[in-house]
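Engineer: Please see the structure below; I have some questions.
Numbering (this note's numbering), first residue to last: 172 to 741.
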């Protein structure tokens, strides 16, 4: 992973942008400049750590700067060699560049990877920029006043252009915790190249063209499954996930894994073990003072069962107070909760051991792991309630009640009348008086077709947001994060699973649980408590002097105040 930046700007301004992102690539910095464009790159050396992999890299009339990894680069390299291409390095960057030379914009459909890159075609006087299918790697841009500027992080624009807040996006981020659903950001003039899109910028005409190259809905399977077919699909998925993990272990530097003891990260740990990575470290966040969120028991269970090298990380109150401002600066955006702080502190500890980290991010969105998915399934399929009641007891009544509301009432009415939502909306309007809540966004996320809502979370809401958090947290400490569940083949496979095999016998993630029964200890695959990167929200907010009750809207308002102070200094 690296940082990329550039545009029709001076070398001085490009260097300033690049300097703000050295943490993303401390191993080498390079710059290209001609009369039309300047491109800058900070390199985090992962594959082919020699100088031959440095960037910007040139081939004929093409110059590339690239952030990420192409995991199938060896197959693509052989394909290109058979077509007559010669190679000077062992890097995936050179493969990407020559793929573009041969296939043009169609090359992005051939890549299995996490990527954001820019290729300058000197002959066409054009910049070509592209981003991977689900947004593992970030790419932001500004287009105005005859200028086009792009960069890997929002804070790279600080001091380069005047920053002001987009009240509509900012309000949704504070009130709902949602702000990655389109090409706008919380900053008025900075846009986000959306996942699965590429962009051309004509340097002579100052014109942008943006196109989408991948849509998940095209991979929905309308066929009914029977039990025999279901078992065959489990076999198919095992091979698929194994390969996804295997290719994400390719690196010329040390690799580790985040392990919570939940199904998702435990499956990744299993396939790492199967691929014979002996001295592979696993990192788990431990909260001994807060047993309701502490997952150490499950991580230790796997460690003992499989003889794993487990490293415990303790995100303490002292670390919280000393690092919170650094987290805000690093994210340079609104984040949903203090669980992001927990992940940040874990990444800081990871830095002492490895340069690449794997995680289980994405599985809940793909396979239906969140409670509100199950609630909505119950609302549309009341016959499934009996199984859910047997599994979790009285809590099933609340889920059914919520599910009926989600499927039969308008979100605007429901949102305003429940809990503290009216007061929360009033508090946001005190800060942003022109803000109009995006009710349509909630309607699309929480009502209507459940299959469509799952895709919406993968392509536009939950997953891009969580990947943004993880990218910033990892790169703050010069670590490359990799997520095997976001392999596009895994995503397309998951999208083809009928809903009745994602929600069955009263459980969510049914398909993944059934698959894990052949691999994981019973204590792991039977877990129904949904946890991610947890944090003791109320206690930490009290320490930060934000709120005594753990109100997340009040937390995000306090976060906005901190961001506003940073921006006002630019």
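Glycine included, each C-beta is placed from N, C-alpha and C at the ideal position. All figures in this text were calculated on a predicted structure; none of them were measured in a lab.
Excluding sequence positions up to five away, which residues of its chain have a Cβ less than 8 angstroms from the Cβ of residue 274?
Structural biologist: In the chain shown, residue 274 corresponds to position 103, counting from 1. So the qualifying residues of the chain are 281.
Engineer: So, residue 289 versus residue 236, is the Cβ gap smaller than 8 angstroms?
Structural biologist: Here the question's residue 289 lines up with position 118 in the chain shown. Here the question's residue 236 lines up with position 65 in the chain shown. Closer than 8 angstroms, so yes.
Engineer: According to DSSP, is residue 613 part of a helix, a strand, or is it coil?
Structural biologist: Taking the first residue of the chain shown as 1, we reach residue 613 at position 442. If DSSP states are grouped into helix, strand and coil, residue 613 belongs with the helices.
Engineer: In whole angstroms, what separates the C-alpha of residue 622 from that of residue 632?
Structural biologist: Start at 1 with the first residue of the chain shown, and residue 622 comes out as number 451. Start at 1 with the first residue of the chain shown, and residue 632 comes out as number 461. One C-alpha to the other measures close to 14 angstroms.
Engineer: With DSSP run on the structure shown, which of helix, strand or coil describes residue 562?
Structural biologist: As a working mapping, residue 562 is identified with position 391 in the chain shown. Unreliable placement is indicated for residue 562, whose pLDDT of 49 sits below 50; the coordinate value is still reported in the next sentence. Here residue 562 sits in helix by DSSP.
Engineer: Taking only three categories from DSSP, how would you classify residue 455?
Structural biologist: Within the chain shown, residue 455 is the residue found at index 284, counting from 1. Three-state result, residue 455: strand.
Engineer: Buried or exposed, going by whether 16 or more other CB atoms sit within 10 Å of the CB of residue 324?
Structural biologist: In the chain shown, counting from the first residue as 1, residue 324 sits at position 153. Under this definition residue 324 is a buried residue.
Engineer: What residue range does the beta strand (DSSP E) around residue 322 cover?
Structural biologist: Your numbering for residue 322 matches position 151 in the chain shown. 318 to 322 is the span of the beta strand (DSSP E), which, as asked, contains residue 322.
Engineer: Does the stretch 307 to 324 touch the stretch 387 to 396, meaning 3 or more C-beta pairs lie closer than 8 angstroms?
Structural biologist: Verdict: no, contact absent.
Engineer: Between which two residues does the beta strand (DSSP E) carrying residue 175 extend?
Structural biologist: Sequence index remark: in the chain shown, residue 175 carries index 4 (1-based). Run containing residue 175: 173 to 178, per the beta strand (DSSP E) assignment.
Engineer: Would you list the residues sitting across from residue 358 in a DSSP beta bridge?
Structural biologist: Working through the chain shown from its first residue, we reach residue 358 at position 187. Answer is 336.
Engineer: Exposed or buried, what is residue 420 when buried is set at 16 or more other beta-carbons lying within 10 Å of its beta-carbon?
Structural biologist: For the purposes of this step, residue 420 is identified with residue 249 of the chain shown, where counting begins at 1. That one is buried.
Engineer: Using only the alpha-carbon positions, how far apart do residue 259 and residue 249 sit?
Structural biologist: For the purposes of this step, residue 259 is taken as the residue at position 88 of the chain shown. For the purposes of this step, residue 249 is taken as the residue at position 78 of the chain shown. Computed Cα separation, rounded: 14 angstroms.
Engineer: In the DSSP assignment, find the alpha helix (DSSP H) that holds residue 648 and state where it starts and stops.
Structural biologist: Reading the chain shown from its first residue, position 477 is the one you call residue 648. Looking at the DSSP string, residue 648 is not in any alpha helix (DSSP H), and its letter there is neither H nor E.
Engineer: May I have the straight-line CA-CA distance separating residue 562 from residue 369, to the nearest angstrom?
Structural biologist: As a position in the chain shown, residue 562 is number 391, starting the count at 1. As a position in the chain shown, residue 369 is number 198, starting the count at 1. A caution first: residue 562 carries a pLDDT of 49, below 50, which makes its placement in the model unreliable, though a value can still be read off. Their Cα atoms are separated by approximately 46 angstroms.
Engineer: For residue 299, which residues does DSSP report across the bridge?
Structural biologist: Position 128 of the chain shown, counting from 1, holds the residue named residue 299. Paired residue(s): 290, 371.
Engineer: Would you say residue 141 and residue 341 are within 8 angstroms of each other, going by their C-beta atoms?
Structural biologist: The chain is shown only over 172 to 741; residue 141 falls outside these bounds and no answer can be derived.
Engineer: Classify residue 238 as helix, strand or coil using the three-state DSSP reduction.
Structural biologist: Looking up residue 238 in the chain shown gives position 67. Three-state result, residue 238: strand.
Engineer: State the Cα-Cα distance for the pair residue 522 and residue 514, rounded to the nearest angstrom.
Structural biologist: Mapped onto the chain shown, residue 522 falls at position 351. Mapped onto the chain shown, residue 514 falls at position 343. If you take the alpha carbons of residue 522 and residue 514, they lie about 12 angstroms apart.
Engineer: Among residues of its own chain, excluding the 5 on either side of residue 219, which ones have a beta-carbon nearer than 6 angstroms to its beta-carbon?
Structural biologist: Your numbering for residue 219 matches position 48 in the chain shown. Excluding sequence neighbours, residue 219 sits near 260, 261, 262.
Engineer: Looking only at C-alpha atoms, which of 516, 674, 484 sits nearest to residue 492?
Structural biologist: Position 321 of the chain shown, counted from the first residue, corresponds to residue 492. That would be 516, whose Cα lies nearest to the Cα of residue 492.
Engineer: Beta carbon of residue 371, beta carbon of residue 299: below 8 angstroms?
Structural biologist: As a first step, residue 371 is located in the chain shown; it is residue number 200 there, counting from the start. As a first step, residue 299 is located in the chain shown; it is residue number 128 there, counting from the start. Yes, Cβ-Cβ distance for residue 371 and residue 299 is below 8 angstroms.
Engineer: So for residue 622, helix, strand or coil by DSSP?
Structural biologist: Residue mapping note: residue 622 aligns to position 451 of the chain shown, counting from 1. Residue state, collapsed to three classes: helix.
Engineer: Considering only C-alpha positions, which residue in the set 654, 349, 301 is nearest to residue 529?
Structural biologist: Numbered from 1 along the chain shown, position 358 holds the residue referred to as residue 529. Minimum Cα distance to residue 529 is reached at 654.
Engineer: Which ranges does the alpha helix (DSSP H) cover as unbroken runs of at least 4 residues, wholly within the stretch 492 to 532, from first to last along the chain?
Structural biologist: Within the stretch 492 to 532, the complete alpha helix (DSSP H) runs of at least 4 residues are 510 to 521.
Engineer: Report the three-state DSSP secondary structure of residue 313 (helix, strand or coil).
Structural biologist: By one-based count along the chain shown, residue 313 stands at place 142. The answer is strand: DSSP assigns residue 313 an E or B state.
Engineer: Just to confirm before moving on: does the CB-CB distance between residue 424 and residue 217 stay below 8 angstroms?
Structural biologist: The residue labelled residue 424 in the question sits at position 253 within the chain shown. The residue labelled residue 217 in the question sits at position 46 within the chain shown. In this structure, residue 217 lies closer than 8 angstroms to residue 424 by Cβ.
Engineer: Is residue 735 buried or exposed, if buried means 16 or more other CB atoms sit within 10 Å of its CB?
Structural biologist: Locating residue 735 in the chain shown gives position 564, where the first residue counts as 1. By the 10 Å Cβ count, residue 735 comes out exposed.
Engineer: Going straight from the alpha carbon of residue 252 to that of residue 265, what length do you get?
Structural biologist: What you label residue 252 is simply residue 81 of the chain shown in a count that begins at 1. What you label residue 265 is simply residue 94 of the chain shown in a count that begins at 1. Residue 252 and residue 265: Cα-Cα distance of roughly 12 angstroms.
Engineer: Got a sec, what are the start and stop residues for the alpha helix (DSSP H) residue 596 sits in?
Structural biologist: As a first step, residue 596 is located in the chain shown; it is residue number 425 there, counting from the start. That run of the alpha helix (DSSP H) goes 592 to 602.
Engineer: Which whole runs of the alpha helix (DSSP H) in the stretch 396 to 450 are 4 residues long or more, in chain order?
Structural biologist: Counting only runs of 4 or more, we get 398 to 418, 434 to 445.
Engineer: Just curious, the beta strand (DSSP E) that residue 266 is in, first and last residue?
Structural biologist: Indexing the chain shown from 1 puts residue 266 at position 95. Looking at the DSSP string, residue 266 is not in any beta strand (DSSP E); the run it does join, the alpha helix (DSSP H), is 263 to 274.
Engineer: When you compare only the Cα positions, how much space is there between residue 666 and residue 672?
Structural biologist: The sequence position of residue 666 within the chain shown is 495, counting from 1. The sequence position of residue 672 within the chain shown is 501, counting from 1. Cα to Cα, residue 666 sits roughly 11 angstroms from residue 672.
Engineer: Report yes if the C-beta distance between residue 331 and residue 187 is below 8 angstroms; otherwise report no.
Structural biologist: Reading the chain shown from its first residue, position 160 is the one you call residue 331. Reading the chain shown from its first residue, position 16 is the one you call residue 187. It is a contact, given that the beta carbons lie within the stated cut-off.
Engineer: Here's a check: name, in chain order, each residue in its chain whose Cβ is nearer than 7 angstroms to the Cβ of residue 405, leaving out the five neighbours to either side.
Structural biologist: Against the chain shown, residue 405 aligns to sequence position 234. These residues qualify, in order along the chain: 685, 686.
Engineer: List the endpoints of the continuous alpha helix (DSSP H) containing residue 747.
Structural biologist: Because residue 747 is not part of the residues shown, which for the chain are 172 to 741, the question remains open.
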